[in-house]
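According to the UniProt record's numbering, the sequence shown is numbered sequentially starting from 1.
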Amino acid sequence: MKYLVEVEKGREGAGDAPSVGPAYRSVFAKEGFPPPVPGLESCWDVFRMSVERNPDNKMLGFREIVDGKAGKYVWMTYKQVYDIVIKVGASIRSCGVGQGGRCGVYGANCPEWVISMEACNAHGIYCVPLYDTLGAGAVEFVLCHAEVEIVFVEETKIGEVLKTFPSATKCLRTIVSFGKVNPDQRLEVEKFGLAMHSWDEFLLIGENQHFELPVNKSTDISTIMYTSGTTGDPKGVLISNESIITLISGVVRLLQCVNEQLHEHDVYLSYLPLAHIFDRVVEEMFIFHGASIGFWHGDVKLLVEDIGELKPTIFCVVPRVLDRIYTGLQQKISSSGLLKHTLFSLAYKYKLYKMQRGTKHEEAAALFDHIVFDKVTLSAQYRAGKVTADVFL
């Protein structure tokens with residue numbers, strides 16, 4: 001399939017003007033980009049409107065750790081998450097951070113990550129994700145460069161933030177742990193005149209506070225995402241509400257073009273970093289549709305276990321992860337014996353043939369789904385790109 005179409009011819013250079021190559025666009029948008037959903041002006045509208053439509057739907061799920069082992073998924077509804085978001089937003093405002101302020105978020109994907117993000121969306125505060133892979137010294141650089149005033153931190157990452165002192169304390173005033181606070185770390189923070197709170201303590205700060213939510217415009221900045229770039233320090237990208245809302249419409253268009261549609265009963269496994277725009281947009285799209293997001297519990301070696309427990313209907317991957325799935329699939333097929341190998345190949349080719357001709361994946365090969373594809377330990381369906389891989393047998 002041809003995925004790009006030329007929408008503008010290249011031009012030869014003339015005078016001081018350089019030559020310009022042709023412009024290409026996704027084949028799914030060859031007639032123009034899809035317009036944003038009517039009524040959506042900001043990322044806060046995405047969440048707020050979904051809460052109004054789907055207050056009792058499951059929104060955020062996590063696995064409780066019992067006796068050192070991850071248990072069943074525990075869920076919060078859209079309304080329950082909304083109530084916590086309002087408290088967190090009020091607590092942030094009580095710390096002196098308002099519209100246009102900067103709030104850092106540092107840690108693995110978890111419910112508190114999304115709640116902190118939505119609190120920022122509510123009050124027009126720039127959400128600034130931080131992550132380790134930007135390189136040595138990147139956390140300190142981003143905290144200083146973005147002038148972060150308050151930062152939410154995974155409990156195990158607090159030590160990394162303390163390493164940025166005293167440089168980061170020029171703007172930073174408050175640290176909030178996603179979990180508990182070590183007394184020694186609290187003392188260290190207080191030496192520099194900063195406040196430090198556990199998650200539960202922070203919720204209490206805004207419990208009886210009320211702040212009017214500002215008007216958030218489509219042109220307002222929603223998040224500053226840092227990339228490593230090719231040289232020098234990390235580069236901060238200013239991403240507006242409009243950009244994210246437009247991307248949501250783009251992904252919806254993509255799904256429609258491959259005969260798919262997102263529903264409120266869909267379930268997504270959140271494991272790709274929310275600090276990257278890919279996962280941020282996918283999760284915003286799930287929130288818009290009132291669907292469910294379940295979080296991995298942070299160990300890549302146990303990702304398959306999380307998948308088995310959650311049973312996601314959509315599983316997004318990047319090439320490295322997809323390569324692992326493909327390699328595992330090929331190894332299983334190669335060692336499964338001639339009969340099972342032949343059966344899988346036949347089932348796969350038949351289902352792919354039907355899907356390429358417009359049949360929905362759940363209708364393309366019902367019999368083969370029952371006798372082949374349902375007998376899986378890992379089912380990874382990257383529906384947006386129409387990649388289906390099953391590690392079975």
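The beta-carbon is built from N, C-alpha and C at its ideal position, and this holds for glycine as well.
Note that this is a predicted model, so its numbers are computed, not measured.
Using the beta-carbon count (16 or more within 10 Å), is residue i buried or exposed?
i: V128; result: buried
i: C120; result: buried
i: I371; result: exposed
i: A23; result: exposed
i: A389; result: With a pLDDT of 36 at A389, under the threshold of 50, the modelled position of this residue cannot be trusted, and the question is left open.
i: E362; result: exposed
i: A380; result: With a pLDDT of only 40 at A380, under the threshold of 50, the placement of this residue in the model should not be trusted, and no figure is reported.
i: S345; result: exposed
i: L339; result: exposed
i: R383; result: Note on R383: pLDDT 34, under 50, position unreliable in the model; no value is reported.
i: Y3; result: exposed
i: S243; result: buried
i: V252; result: buried
i: S335; result: exposed
i: V281; result: buried
i: I307; result: buried
i: residue 407; result: Nothing can be reported for residue 407: it is not among the residues displayed for the chain, which extend from 1 to 393.
i: E118; result: buried
i: V85; result: buried
i: V114; result: buried
i: G385; result: Unreliable placement is indicated for G385, whose pLDDT of 33 sits below 50; no coordinate value is reported for it.
i: V48; result: Val is not the amino acid found at residue 48; the sequence shown has Arg there. Under this definition R48 is a buried residue.
i: K157; result: buried
i: T327; result: exposed
Do residue j and residue i count as a contact pair if the criterion is CB distance below 8 Å?
i: L60; j: V46; result: no
i: S249; j: D220; result: no
i: P111; j: K79; result: no
i: V142; j: P234; result: yes
i: G206; j: A347; result: no
i: E264; j: N57; result: yes
i: V151; j: G100; result: no
i: T164; j: V189; result: no
i: F368; j: S50; result: no
i: G236; j: H145; result: yes
i: M355; j: A364; result: yes
i: L134; j: S228; result: yes
i: D279; j: S292; result: no
i: K360; j: N259; result: yes
i: A70; j: H341; result: no
i: M225; j: A275; result: yes
i: E155; j: F178; result: yes
i: L204; j: L172; result: no
i: D266; j: I314; result: yes
i: G232; j: R53; result: no
i: V27; j: V5; result: yes
i: P166; j: F192; result: yes
Span of the beta strand (DSSP E) holding residue i?
i: H197; result: A195 to H197
i: C316; result: Premise fails: C316 is in no beta strand (DSSP E) and is neither H nor E.
i: I371; result: That residue, I371, is in no beta strand (DSSP E); it is neither H nor E in DSSP.
i: S218; result: It is not in any beta strand (DSSP E) - S218 carries neither H nor E in the DSSP assignment.
i: V105; result: R102 to Y106
Give the C-beta separation of residue i and residue j to the nearest angstrom, bearing in mind that I take them to be a contact with Cβ-Cβ under 8 Å.
i: Y131; j: P273; result: 6 Å
i: residue 423; j: V88; result: In the structure displayed, the chain extends from 1 to 393; residue 423 sits before or after that span and is not available.
i: V176; j: V153; result: 7 Å
i: Y126; j: R102; result: 5 Å
i: Y268; j: P312; result: 6 Å
i: N216; j: G124; result: 5 Å
i: residue 394; j: A122; result: Any question about residue 394 goes unanswered here, given that the chain covers just 1 to 393.
i: Q261; j: L255; result: 6 Å
i: P38; j: I245; result: With a Cβ gap of about 11 Å, P38 and I245 do not count as contacting.
i: L42; j: Q209; result: According to the sequence shown, residue 42 is Ser rather than Leu. Going by Cβ atoms, the distance from S42 to Q209 rounds to 22 Å, so no, they are not a contact pair.
i: F286; j: F62; result: Actually they are not in contact, since the Cβ atoms of F286 and F62 sit about 15 Å apart, beyond 8 Å.
Grab the span of the alpha helix (DSSP H) containing residue i for me, first residue to last.
i: V114; result: P111 to H123
i: G89; result: Y78 to S94
i: R253; result: N241 to C257
i: S345; result: L338 to Q356
i: A364; result: H361 to A364
Tell me whether residue i counts as near the ligand SAM, meaning its Cβ is closer than 7 Å to at least one heavy atom of that ligand.
i: V215; result: The ligand content of the structure shown is nil, which means the ligand SAM is not present either.
| Whole beta strand (DSSP E) runs in the segment 7 to 72 with 3 or more residues, listed along the chain? | Counting only runs of 3 or more, we get 23 to 26 and 58 to 66.
Next item on the list: Please specify which runs of the alpha helix (DSSP H), each continuous and at least 4 residues long, are wholly inside the segment 271 to 328, giving them in chain order.
Entry: Unbroken alpha helix (DSSP H) stretches of 4 residues or longer found wholly inside the segment 271 to 328: 277 to 288 and 303 to 310, given in chain order.
### Message
Give the list of continuous beta strand (DSSP E) stretches no shorter than 3 residues that lie fully inside the segment 117 to 187.
### Response
Scanning the segment 117 to 187 from its first residue to its last, the whole beta strand (DSSP E) runs of 3-plus residues come out as 126 to 130, 150 to 153 and 174 to 177.
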